[in-house]
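Notes for the one structure printed next.
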Amino acid sequence: MSRTRYARLVAAAATVPLVLAACSSGGGGASDDAEGGDSIRYWLWDANQLPAYQKCAEAFTEKSGITVNIEQYGWDDYWGSLTNNFVAGNAPDVFTNHLSQYPQFASQGQLLDLNDRVEADGLDLSVYQEGLADLWVDQEGARYGLPKDWDTIAAFYNAEMAKEAGLTEEDMKNLEWNPQDGGTYEDAIAALTVDSNGVRGNEPGFDPDNVEVYGLGLAGSGGAFGQTEWSMYAMSNGFEYANQNPWGTEFNFDSPEFQEAMTWWRSLIDKGYMPSFEIATSGVSIMETYGAGKVAMVTEGSWNTNAYMTLEGVETKLAPTPVGPAGERASLFNGLADSIWVGTKNPDASWEWVKFLGSAECQDIVAAEAVVFPAVQSSLEIATDAFEEKGYDVSAFTIHLEEGTTHLAPIADNWATLNQNVTAAGEQFLSFQRDADVYTEANEQVNALFD
Amino acid sequence: MSTTTKSPATRPPAAPPPRRRRSSLASSWSGSDLRPALLFVAPATIGFLVFYVWPAIRGTYYSFTDFKVLSAPNWVGTENYQRLVEDELVWNAFGVTLQYVVINIGAQTVISLGLAVLMHRLTRSMMIRGALLMPYLVANVVVALAWFWMLDYQIGIVNVLLDTVGIDRVAFFGDSAWAIPTIAMINVWRHMGYTALLIFAGLQTIPPHLYEAAALDGSGEVRSFFKITMPLLRPVLAMVLVITVTGSFQIFDTVAVTTAGGPVNATRVVYYYIFELAFSRFEFGYASAISVVLFLVLASVAFAQIKLLRAGESDLS
């Protein structure tokens, strides 16, 4: 999920010749470096979470005698390597899976259906946060993963800059938003923006062409997901991604709820409160820009909490995403799960490990590390306490669970192509080459994928 | 040296020496030299067959199939190629790549030639020659990342400097008009020293007495450059161009590390598009079709260059 650009470097070098060289032994085959069969390989992509899961693995080995070899790859390298290893018949027995990726793996028969095992072991799926377990069930009813964590979105802001702008913590926690004038949310962003003469965005004489500190950061167009970019605005304005979720077949990027929100969001660029798309995409990453004090606030996912909180020279606080026109906040509710590769030599040991990863025992361990929020409900308090102990108030993330304003992440077939279409539209829109109607066109292309 | 089997009597009395030389060469092929010869070319040949020829054959086959990697390929005839002709992004990719090649090769060749001539005529210092090669010794990805940082709009040193001098900041990677030239120039910076060294080696094959004679006849540096250096350098320059142009068409890593094809499609070069299709959309069949087209384009470009620049013959001797 950490989609920073550096990670791309890993994908760069060796992959090209493989286009011609890709071989097709097609599934099934030699597994891991298993000695005696009681060793399994496990993959994950987030280096921040590695220590926590290492601890889980140690506890698991002690309990079951099965050794878990954890391998970590950066996000952008992860999926390519995984695919190559599926092909080579050398994929990990168990791996961390993502909602946007699993449908295509499932449709290509690479994932083990867990239903029978869940049933046989009488696993209680209601221990998880509501909805998380069902995200991993496909249209035919097969289950491809057990949830392990969840994330929501919040606004990360520079506490010192907010203070200078006259915004109290209380103000930041109670921001309201609408697509017409942006509400108090836009007011706050304006106040946080400072031009090169020291004039604030809400003061007369503000020069939108010479901005020193932008009120709100821009990471990119967000594609079809917009998880940290625009989802909280569009959804609090009544937008739903598709006619149904999961497995939507008709998308709503042509709806007024979506396009109004997007038009407002883009207007921040015109007003000088948010960097232009050109500036944003020529930047190293939004976190570096924020860390350098050039951006006062960014919308980000809970998985990045530690990374932002530990930035040097910046005191970061969290504010919930703003209340929209419908009177509610909104945040995507996304979660990772662990899946088993269909070609594993060791399905039983793999299942034991997946079960353990999804159990309160392991999730308590992970929760105590304060890196992510655990999927098991009873472990949540341990996580919030652990965050608090570090001095981080993470109520901005959990408020969505309390208020019931979480929206499950969209899951659909053809996601890669769909995302490509909407991304192209979004980039043209944000760079002012086209207006919001470009999304209507993209939506037609997207819907055509499901005909 | 090796004895010919042919009887001298069957030959015309005045057998010309070249013929004898040729026949001795021919006999060495069938003789004891064959084995070591094969031994010496084997590593390269095996590598070539395993890593180039065989994948190329398979890739060509895949280009006629619908191939999603994890299931067996499905023969679809020329469907991928028909789709390719209608795919605007393919045309865009070739256009963007061509733009990159023109800027990259144009700037790189002129600068490298200049550097090589300066090295040749002005300095014998190993330090300076070594320093020129420095950027080439740094990994591609590292070079790309370093420049990505330095050219950042808000916090990059280049933009901070521009700002202090009073010039407007430039969104080097984010502005569609700037992105390709920026990436092209980064790679010029990386490769110019190396290319200069290749050209420099070519310059050293030009006999110094030609310059002395020209100088005696009153030819200046500029005139000597155009009348002596350039014509005699032609075969070397042609080979350098074939290598660098081919390499330039294969631009990938800098794009992958910095813009990832954006903004919009401004830097979605052919290789990056192929990579995206294959590895994020699993359209290996279609990606292979584009690869085959790229291969044909590169082969024709290289062929045309060699022919046009008469790379095989030299004006020396």
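Protein sequences appear in the order of chains F and H.
Counted from 1, the first sequence has number 367 at position 368 by numbering that gives the first Met the number 0; the numbering is strictly sequential.
Counted from 1, the second sequence has number 246 at position 247 by numbering that gives the first Met the number 0; the numbering is strictly sequential.
Glycine included, C-beta positions come from ideal geometry on N, C-alpha and C.
Please read these numbers as outputs of a predicted model, since none were measured by experiment.
Within chain H, no residue has its CB atom less than 8 Å from the CB of Phe449(F), the nearest being about 16 Å off.
If you compare the alpha carbons of Glu401(F), His399(F), Asp363(F) and Thr404(F) with that of Asp384(F), the shortest gap goes to Asp363(F).
With a cutoff of 8 Å on beta-carbon distance, Val341(F) and Gln100(F) are scored as not near each other.
Judged by DSSP secondary structure, Lys172(F) falls within the alpha helix (DSSP H) whose first and last residues are Glu168 to Lys172. Boundaries for His208(H): no beta strand (DSSP E) harbours it, while the alpha helix (DSSP H) harbouring it runs Pro207 to Leu215, taken from the DSSP string. Under the three-state reduction of DSSP output, Trp263(F) falls in the helix class. Within the same chain, Cβ atoms closer than 6 Å to the Cβ of Val235(H) are found at Gly201, the five residues on either side in sequence being excluded.
Here the region 61 to 69 of chain H makes no contact with the region 237 to 246 of chain H; the two share fewer than three CB pairs at distances below 8 Å. Restricting attention to Pro255(F), Glu256(F) and Ala241(F), the CA atom closest to the CA of Glu249(F) is found in Ala241(F). Minimum Cα-Cα distance from Leu134(F) among the listed residues Pro91(F), His97(F), Ala161(F) and Val117(F) corresponds to His97(F). Runs of the alpha helix (DSSP H) lying entirely within the region 256 to 307 of chain H and spanning at least 4 residues, in chain order: 269 to 278 and 283 to 307. Only Pro274, Ser275, Phe276, Glu277, Ile278, Ala279, Thr280, Ser281, Gly282, Val283, Glu287, Thr288, Ala291 and Lys293 from the region 268 to 293 of chain F bring a Cβ to less than 8 Å from some Cβ of chain H. For Leu317(F), the closest alpha carbon among the candidates Ala295(F), Gly326(F), Asp337(F) and Leu331(F) is that of Ala295(F).
For Ala154(F), the enclosing beta strand (DSSP E) begins and ends at Ile152 to Asn157.
At a cut-off of 4 residues, the continuous stretches assigned as alpha helix (DSSP H) that sit fully inside the region 62 to 140 of chain H are 78 to 85, 87 to 121 and 125 to 136. Those residues of the region 67 to 78 of chain H placed with their C-beta closer than 8 Å to a C-beta in chain F are Lys67, Val68, Leu69, Ser70, Ala71 and Pro72, ordered along the chain. In terms of Cα proximity to Pro346(F), the closest of Trp74(F), Gln103(F), Asp45(F) and Asp115(F) is Asp115(F). The C-alpha of Ser254(F) lies about 12 Å from the C-alpha of Glu443(F).
The beta-bridge partner set that DSSP reports for Thr315(F) consists of Asn157(F). Contact annotation: the region 127 to 147 of chain H does not touch the region 293 to 312 of chain H, with fewer than three C-beta pairs closer than 8 Å. Taking a Cβ-Cβ threshold of 7 Å, the residues of chain F close to Tyr152(H) are Ile278, Ser281 and Gly282, in chain order. Taking the C-beta atoms as reference points, Val283(F) is found no nearer than 8 Å to Tyr289(F).
When secondary structure is reduced to three states using DSSP, Leu407(F) falls in the strand class.
Within chain F, the residues whose beta carbon sits less than 7 Å from that of Pro262(H) are Phe276, Glu277, Thr280, Glu426 and Ser430, listed in sequence order. Chain H places a beta carbon closer than 8 Å to that of Gln107(F), counting this residue as a contact. Within the same chain, and ignoring the five residues on either side of Ser275(F) in sequence, the residues whose Cβ sits closer than 6 Å to its Cβ are Ile268. Along the region 67 to 91 of chain F, going in chain order, the ones with a CB nearer than 8 Å to a CB of chain H are Trp78, Gly79, Thr82, Phe85 and Val86. Collapsing the DSSP output to three states places Trp340(F) in a strand. For a cut-off of 8 Å, the C-beta gap from Thr280(F) to Ala158(F) is around 28 Å, too long to register as a contact.
Residue pairing by DSSP places Pro373(F) opposite Asp148(F) in a beta bridge.
Taking a Cβ-Cβ threshold of 8 Å, the residues of chain H close to Ala415(F) are Ser279, Arg280 and Phe281, in chain order.
The distance from the Cβ of Trp176(F) to that of Pro321(F) is about 4 Å, consistent with a contact at the 8 Å cut-off. Of all residues in the region 96 to 125 of chain F, those with a C-beta nearer than 9 Å to a C-beta of chain H are Gln103, Phe104, Gln107, Gly108 and Gln109, reading in chain order. Taking a contact to require three or more Cβ pairs closer than 8 Å, the region 282 to 299 of chain H and the region 79 to 90 of chain H qualify as touching. Where Val93(F) is concerned, the enclosing beta strand (DSSP E) starts and stops at Val93 to Asn96. In this structure, DSSP gives Gln432(F) a state outside helix and strand, which the three-state scheme calls coil.
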